[in-house]
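Take 0 as the starting number for the sequence shown in numbering that gives the first Met the number 0 and just add one per residue.
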Amino acid sequence: MHVVYLSPGFPAEMPLFVRGLAQIGAKVLGVGDQPAGALAPEVREALSDYLQVSSFGDEARAVEEVRTWLRGRNVDRVECLWERLMYLAARLRETFGLPGMSRAQTAIFRDKEAMKQAVEKAGLRVPRHGRARSTAEAWAAVERCGFPAIVKPIDGAGSKDTYRCNDKAEFEVALAKVRHIEELSVEEFIEGEELTYDTVCADGRILFENVAWYRPKPMILAQNPWISMQNIVLRDLTQEMPRPGVQLGHGVLQALGFQTGFTHMEWFRTPKGEAVFGEIGGRPPGARLVHAMNYSCDIDLFRGWAEAACHGRLSQDTGKKYNAAMIFKRAQGDGIVREHRGLRELLQKYGPHIATIELTPIGEPKRDWQKVVVGDGWIVVRHPDLATTMQMSERFVNDLTVVAG
Ligand SMILES: Nc1ncnc2c1ncn2[C@@H]1O[C@H](COP(=O)(O)OP(=O)(O)OP(=O)(O)O)[C@@H](O)[C@H]1O
Ligand SMILES: [Mg+2]
């Protein structure tokens, strides 16, 4: 099995997927924009070959460079788990006549209006929505959606340029703030909890599924730098909290005809218990959620994905053993990290349930949480019982302070 893999060195988790491919016996042909010498040693080790393209910005040129490089060689798949390069991956597949997502299929997973239309057409619940390329279109869309409304980029990420607007005045202010965005999605604001539904699929079969619960909602987190994010991977998907999302997820995957690879869907759970579609990516979730899934089952989904993509199966035991709560800490104060306040007590109390803990070491500068997703700390606590897991998680949120100054 020969796999062309786009951007093996970046972003952060790509090397782990490349390693997964090598572990299941695939020959990985890496294509990146970094010089080979800039790749981490473990990435270079896992690659059978590497091409540095002139730029990912010029798609047509990148395709030509890859074509020249591969001339006379056999390739079975083109894989890409970085959202930014998904169209290029699709174009390469089309060029070489390979299976996997085409450009048309990719568009459904990249364009927040196209995906909502496709999901809606299948009779599934999506927020009222509209596409806007001008101020006039935005006003027309919000007229249909009503207030409170959400304005966001059509292909945004990380809750950037995303605003809740409670009335016309706030909508006007938000429109002024997003004037630099070419195309917007305007939506009905959905109240409730926000969760994920993630899968690994092969040939349209779901081999692994997962629900994680964001606390608080990502948009609140993006706007409040002092909050520690929690994301809780749930052990039992038959429980009331995740159940409607799992059902919605099955419908969405079917409606979109998803075949092989990772998916990452976000959904809202309204106070009445209804699941409302948020968005879906044809890629793994970021922000270390794959790690948290691994901790919930004691498996390696980086390798699991590789096996699913190349051989159509996932042979590890994917039964969930734990709820796994992941917490990201943001240091308080500015400058150098001086103290991990509360850490000793927490380690004493919860030691056996801490799957991993990494904090910015004392003496090092505080990190920029807008650039480093885990901020100044990454902790995973796990337990078979959800209430216990949430209690521990809260303790790490409230009783651990990374102090900078
Ligand atoms: N219709 C909506 N109702 C309520 N909240 C919303 C809605 N749309 C977006 N949000 C909030 O804004 C956040 C960002 O929106 P969305 O997930 O669509 O974009 P994103 O920036 O692509 O996120 P990601 O980083 O997950 O790719 C959501 O996680 C949610 O908290
Ligand atoms: Mg999102």
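Positions of the beta carbon are idealized from the N, C-alpha and C atoms, including for glycine.
With DSSP run on the structure shown, which of helix, strand or coil describes residue i?
i	result
ALA354	strand
LYS328	strand
LYS111	helix
LYS151	strand
HIS128	strand
ALA137	helix
ARG143	helix
LEU91	helix
GLU190	coil
THR259	coil
ALA156	coil
GLU119	helix
ARG282	coil
GLN229	strand
ARG234	coil
Return the first residue and the last residue of the alpha helix (DSSP H) that residue i is part of.
i	result
GLY248	242–255
HIS310	300–310
LYS167	167–176
GLN222	217–222
TRP81	That residue, TRP81, is in no alpha helix (DSSP H); it is neither H nor E in DSSP.
SER295	288–296
Taking C-beta to C-beta, are residue i and residue j nearer than 9 Å?
i	j	result
GLU208	VAL245	yes
PHE276	VAL118	yes
ARG109	GLU58	no
ALA308	GLY272	no
PHE95	LEU123	no
SER184	LYS151	yes
ALA354	VAL379	yes
ALA61	VAL52	yes
GLN15	GLY29	According to the sequence as given, residue 15 is Leu; it is not Gln. No.
ARG163	ILE226	no
LYS365	ILE326	no
VAL2	VAL77	yes
MET100	ALA88	yes
ASN322	MET228	no
TRP212	LEU194	yes
Any heavy atom of ligand 2 closer than 8 Å to the CB of residue i?
i	result
PRO126	no
GLU265	yes
Below 8 Å, is the gap between the Cβ of residue i and the nearest heavy atom of ligand 1?
i	result
SER53	no
ALA156	yes
ARG163	yes
LYS151	yes
GLY277	yes
ILE189	yes
LYS328	no
LYS216	yes
LYS159	yes
GLU208	no
Ends of the beta strand (DSSP E) at residue i?
i	result
LEU206	204–209
GLU182	That residue, GLU182, is in no beta strand (DSSP E); it is neither H nor E in DSSP.
LEU5	1–5
ARG163	162–164
THR400	400–403
Could you tell me whether the Cβ of residue i comes closer than 9 Å to any Cβ of chain B?
i	result
HIS263	Reference to chain B is not applicable here, since this structure consists of a single protein chain.
List in chain order: all unbroken beta strand (DSSP E) runs of 3+ residues lying wholly within the stretch 9–78. Secondary structure within the stretch 9–78: the beta strand (DSSP E) runs of 3 or more consecutive residues, fully enclosed, are 26–31, 46–51, 76–78 (chain order).
Which full runs of the alpha helix (DSSP H) of 4+ residues lie inside the stretch 337–393, going along the chain? 342–349, all fully within the stretch 337–393.
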